[in-house]
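Below: the structure, in structure tokens.
2 protein chains.
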Amino acid sequence: MLRAFEAARQAGAEIPELVCYEKQTDWGGQWNYSWRTGLDGYGEPVPSSMYRNLWSNGPKEGLEFADYSFDEHFGRPVSSYPPREVLWDYIAGRVEKSDVRKYIRFETAVRWVSYDADTEQFSVTSQTLPTAADSTETFDYVVVASGHFSYPNFPTFAGIETFPGMLTHAHDFRGAEGLKDQDVLVIGSSYSAEDIGSQAYKMGARSVTASYRTQPMGYQWPDGFSERPGIERFDGNTVHFIDGSTKDVDAVIVCTGYLHKYAYLPEDLGLRSPNNVYPDGLYRGVVWNDNPKLFYVGAQDQWFTFNMFDAQAWYVRDLILGRSAMPDRSERDASIAEWRKRFVALADAADEIRFQGDYVQDLVNLTDYPQFDVDGVVEIFLAWKNDKAADIMGYRDYTYTSVMTGTRSIPHHTRWMDELDDSLERYLQTSG
Amino acid sequence: MLRAFEAARQAGAEIPELVCYEKQTDWGGQWNYSWRTGLDGYGEPVPSSMYRNLWSNGPKEGLEFADYSFDEHFGRPVSSYPPREVLWDYIAGRVEKSDVRKYIRFETAVRWVSYDADTEQFSVTSQTLPTAADSTETFDYVVVASGHFSYPNFPTFAGIETFPGMLTHAHDFRGAEGLKDQDVLVIGSSYSAEDIGSQAYKMGARSVTASYRTQPMGYQWPDGFSERPGIERFDGNTVHFIDGSTKDVDAVIVCTGYLHKYAYLPEDLGLRSPNNVYPDGLYRGVVWNDNPKLFYVGAQDQWFTFNMFDAQAWYVRDLILGRSAMPDRSERDASIAEWRKRFVALADAADEIRFQGDYVQDLVNLTDYPQFDVDGVVEIFLAWKNDKAADIMGYRDYTYTSVMTGTRSIPHHTRWMDELDDSLERYLQTSG
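Protein sequence lines correspond, in order, to chains A and B. Residues 26 to 457 (our numbering) are what the first sequence spells out, left to right. Residues 26 to 457 (our numbering) are what the second sequence spells out, left to right.
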């Protein structure tokens with residue numbers, strides 16, 4: 026969002042006063058890794074759900090910024106699935122270049138936002154964490170960009186209260202090294218379960234069992250990795266599945282997703298939605314329909330990520346700057362209804378990817394965000410899905426071609442399964 | 026607090042409208058155990074720092090309510106160190122009897138409190154967690170009773186970010202069973218370290234190492250339990266202590282205390298203090314000196330607990346009802362200065378216990394809370410300190426005599442070291 030405004034400013038536009046409240050000590054959001062779990066050093070919920078060993082689980086060619094390529098950042102081709110620290114370096118490099126740090130109040134938590142219909146302004150009450158100093162300031166517009174992968178959705182399970190081993194939600198999972206020689210249960214069948222289960226396998230878990238509620242992930246898992254149906258109950262270390270089978274496990278990682286939670290927003294401004302590609306109530310996926318001075322960026326479930334956030338930010342910026350007109354309520358309603366109608370008819374992940382491609386293209390067309398080959402990115406995602414289906418433990422060794430630069434990525438010097446050092450320094454070595 | 030008002034109401038007094046905001050689904054506060062860690066099912070910080078195996082670490086004769094005895098609750102003598110569930114049952118029985126549930130809005134989080142000097146009222150913005158419904162209501166008085174053992178004080182340590190084993194603050198520690206055959210490090214030298222280390226030993230840890238910053242706990246620990254000085258750094262599983270020694274450990278429990286944190290309070294109403302028996306800025310330990318319409322209950326470090334909270338609540342109630350006059354600022358300043366002068370001269374734990382006894386007696390004298398033998402309770406605490414020094418792994422098998430009823434407790438049917446079932450049901454069995 027700051028980058029969008031700064032791009033306009035540097036091109037000569039007048040922009041409004043910007044204040045970005047950021048609870049963490051540095052930027053990067055989800056990619057700003059913390060070894061902490063639960064609450065941070067100030068007692069605030071830790072926003073990041075990253076773990077040490079995390080590598081991108083989609084090709085970087087699917088998330089590349091249209092205005093800042095991987096080639097520009099690294100000066101040479103790199104692999105398609107960088108580890109966490111490498112991706113953080115990329116996104117940090119881009120914002121450093123754009124000189125937006127000056128707008129950010131770090132270590133400042135927003136406590137409450139309210140809207141005054143008479144003045145048509147928002148009051149934002151925030152608190153600086155090191156000192157507890159609070160302030161209430163007024164704004165014409167508010168953009169919610171705090172994400173929706175920070176607050177765990179953690180259902181209960183019969184008997185879980187006395188499970189004696191390691192028990193954590195994916196949100197608080199920080200590394201798979203400790204799972205060596207352990208029998209590991211992951212609960213869930215989406216990306217967290219797939220990836221944490223795979224990391225556990227890579228790090229030498231004795232067994233990995235994944236429990237699904239509706240359907241198994243269905244990959245060709247290696248020996249020692251299996252899928253089971255839902256959980257009936259825990260009894261000590263023993264998991265009882267609904268098919269009557271049992272498994273003794275040492276560690277349980279609950280991969281049941283996240284909540285849309287905005288503790289600083291009143292009921293009439295707060296999005297409450299399942300995690301999907303077109304949450305209801307958001308015009309063009311970003312305008313809070315009930316109060317179009319409030320915006321959300323990144324509220325969707327995501328195939329496209331960084332480049333979609335960009336397209337959203339550019340469009341929100343243009344609405345705030347008046348470069349794009351805010352449609353009236355009936356027009357917004359009609360647009361939401363039309364997109365929602367398409368959304369509910371989506372049959373599978375490939376459909377969702379194409380749908381999100383159309384959504385991104387629609388936003389790019391509305392702004393001066395650099396046009397890029399959105400269909401080409403869709404094709405990369407579809408190829409990625411196939412590559413995963415063919416080789417779930419090896420897909421990160423595959424390479425793709427950037428639609429931004431035409432650069433074909435190079436294989437990492439070491440196969441993902443054999444690479445135990447996830448650092449940037451190691452990644453940038455030219456040989457393994 | 027509710028109990029104090031309800032006692033007055035049932036005695037015929039007129040009391041003001043009472044609203045108690047409670048984030049959890051039931052009462053009991055710290056004693057309302059949750060298996061959850063970090064964030065709860067609504068994404069709110071879990072307030073309780075209890076673990077399954079926790080037993081009272083002080084004799085129940087030190088915390089007995091003057092108006093609701095253990096004899097009244099259980100109908101017969103019980104042991105002096107009940108497990109968690111038993112103590113919860115006792116405090117719940119007492120509030121059930123007093124019919125105060127009607128005042129409580131459960132599953133409701135306070136988001137922000139502000140004070141309007143013109144109207145001399147507080148605005149309290151709260152949010153109901155299941156629906157996100159928010160409301161802002163005004164009050165003449167606010168009592169902060171959310172405690173100060175819920176937000177971990179968690180310093181960082183060199184190399185901790187890649188420690189591969191179990192790593193948790195005492196706040197998120199939920200049970201010691203999983204520490205069997207493990208090498209365990211507890212960091213800290215106060216009650217959490219002492220008790221979690223002891224629980225780990227009881228549950229069969231291969232070794233327990235406690236790291237102190239200033240001085241060791243100094244108990245006569247059993248074989249396999251040792252104390253080491255501060256930590257220089259972690260290197261993988263290896264802990265390097267500042268004396269140059271090292272130890273490989275499987276699990277680290279960080280027992281470095283808690284923060285006074287009140288995320289819903291602005292800077293000028295929020296207590297910021299180390300954990301001690303006389304925090305600065307609180308007249309008679311309860312009145313926020315800068316705004317005497319705001320009160321804190323239980324803000325002290327605690328030897329006395331339930332009965333001290335009671336005495337505080339009775340006094341706060343009487344101030345609000347006008348039964349006790351609020352002294353002017355200079356009188357409050359003088360009182361705080363006098364108590365603080367005594368406080369800073371305290372030499373050891375025995376001094377602190379006597380000091381807190383005097384503090385409790387002072388409050389009891391001001392109200393109609395039932396007089397009890399405060400000096401007798403002080404003697405119990407002093408005896409307890411000696412009993413722990415003599416037998417750190419066996420002190421919970423000792424018995425004491427209630428100053429409320431004269432009842433001598435009976436030994437639990439099973440020695441603490443051998444009792445692996447902490448349930449109420451098991452506790453109430455008459456033989457082991």
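We treat Cβ as the ideally placed atom computed from N, Cα and C, and that holds for glycine.
CA nearest to the CA of residue i, picked from the options
i	options	result
residue 137 (chain B)	A:151, A:124, A:129	A:151
residue 529 (chain B)	B:118, B:417, B:288, B:284	No information on residue 529 (chain B) is available, as it lies outside the stretch 26 to 457 that chain B covers here.
residue 49 (chain B)	B:128, B:90, B:86, B:133	B:133
residue 306 (chain B)	B:365, B:343, B:338	B:365
residue 196 (chain A)	B:423, B:64, B:457	B:64
residue 165 (chain A)	A:186, A:106, A:390, A:140	A:140
residue 205 (chain A)	A:302, A:83, A:232	A:232
residue 112 (chain A)	A:378, A:416, A:58, A:167	A:58
residue 374 (chain A)	A:53, A:161, A:328, A:96	A:328
residue 251 (chain A)	A:229, A:259, A:211, A:281	A:211
residue 54 (chain B)	B:41, B:75, B:257, B:40	B:75
residue 244 (chain B)	B:191, B:42, B:412	B:412
residue 73 (chain A)	A:198, A:135, A:128, A:312	A:198
residue 317 (chain A)	A:102, A:43, A:167, A:116	A:167
residue 444 (chain A)	A:313, A:229, A:314, A:331	A:229
residue 441 (chain B)	B:282, B:107, B:315	B:107
residue 455 (chain A)	A:39, A:175, A:298, A:102	A:102
For residue j and residue i, the rounded distance between their alpha carbons
i	j	result
residue 238 (chain B)	residue 428 (chain A)	56 Å
residue 69 (chain A)	residue 46 (chain A)	14 Å
residue 405 (chain B)	residue 37 (chain B)	36 Å
residue 388 (chain A)	residue 349 (chain A)	11 Å
residue 407 (chain B)	residue 287 (chain B)	33 Å
residue 448 (chain A)	residue 253 (chain B)	32 Å
residue 92 (chain B)	residue 394 (chain B)	8 Å
residue 60 (chain B)	residue 209 (chain B)	21 Å
residue 320 (chain B)	residue 433 (chain B)	36 Å
residue 213 (chain A)	residue 222 (chain A)	10 Å
residue 361 (chain B)	residue 367 (chain B)	10 Å
residue 194 (chain A)	residue 347 (chain A)	43 Å
residue 451 (chain A)	residue 219 (chain A)	25 Å
residue 267 (chain B)	residue 310 (chain B)	38 Å
residue 234 (chain B)	residue 203 (chain A)	20 Å
residue 131 (chain B)	residue 51 (chain B)	7 Å
residue 246 (chain B)	residue 417 (chain B)	7 Å
residue 40 (chain B)	residue 34 (chain B)	6 Å
residue 170 (chain A)	residue 62 (chain A)	21 Å
residue 224 (chain A)	residue 160 (chain B)	45 Å
DSSP bridge partner residues for residue i (one or two, in chain order)
i	result
residue 116 (chain A)	Note: residue 116 (chain A) sits in no beta bridge, so no partner.
residue 149 (chain A)	A:138, A:162
residue 45 (chain B)	B:129
residue 321 (chain B)	B:169
residue 64 (chain A)	A:70
residue 80 (chain A)	A:108
residue 263 (chain B)	B:260, B:273
Start-to-end residues for the beta strand (DSSP E) that takes in residue i
i	result
residue 192 (chain A)	191-194
residue 362 (chain A)	Element bounds for residue 362 (chain A): not the beta strand (DSSP E) but the alpha helix (DSSP H), 354-369.
residue 260 (chain B)	256-260
residue 173 (chain A)	Taken as a continuous stretch (DSSP letters only), residue 173 (chain A) belongs to no beta strand (DSSP E), as it is neither H nor E.
residue 277 (chain A)	276-279
residue 85 (chain A)	Run containing residue 85 (chain A): none; DSSP gives neither H nor E here.
residue 212 (chain A)	208-212
Under 8 Å from the C-beta of residue i: neighbouring residues of chain D
i	result
residue 185 (chain A)	Of the chains in the structure shown, none is chain D; the protein chains are A and B.
Bounding residues of the alpha helix (DSSP H) (the contiguous stretch that carries residue i)
i	result
residue 251 (chain A)	Residue 251 (chain A) -> not in any alpha helix (DSSP H); beta strand (DSSP E) instead, spanning 250-253.
residue 345 (chain B)	331-346
residue 405 (chain B)	399-415
residue 236 (chain B)	Per DSSP, residue 236 (chain B) belongs to no alpha helix (DSSP H); it is in the beta strand (DSSP E), 232-236.
residue 27 (chain A)	27-35
residue 437 (chain B)	Neither: residue 437 (chain B) is in no alpha helix (DSSP H) and is coded neither H nor E.
Legend entry - Three or more C-beta pairs below 8 Å linking the stretch 156-166 of chain A and the stretch 288-299 of chain B: yes
Legend entry - Given 8 Å, three or more beta-carbon pairs between the stretch 396-404 of chain A and the stretch 363-383 of chain A: yes
Inset, instruction - Determine contact between the stretch 421-439 of chain A and the stretch 81-96 of chain A, defined as no fewer than three beta-carbon pairs at a distance below 8 Å. - result: yes
Inset, instruction - For the stretch 436-445 of chain B and the stretch 93-101 of chain B, state whether three or more C-beta atom pairs, one from each stretch, are separated by less than 8 Å. - result: In this structure the stretch 436-445 of chain B does not touch the stretch 93-101 of chain B; the number of beta carbon pairs closer than 8 Å is below three.
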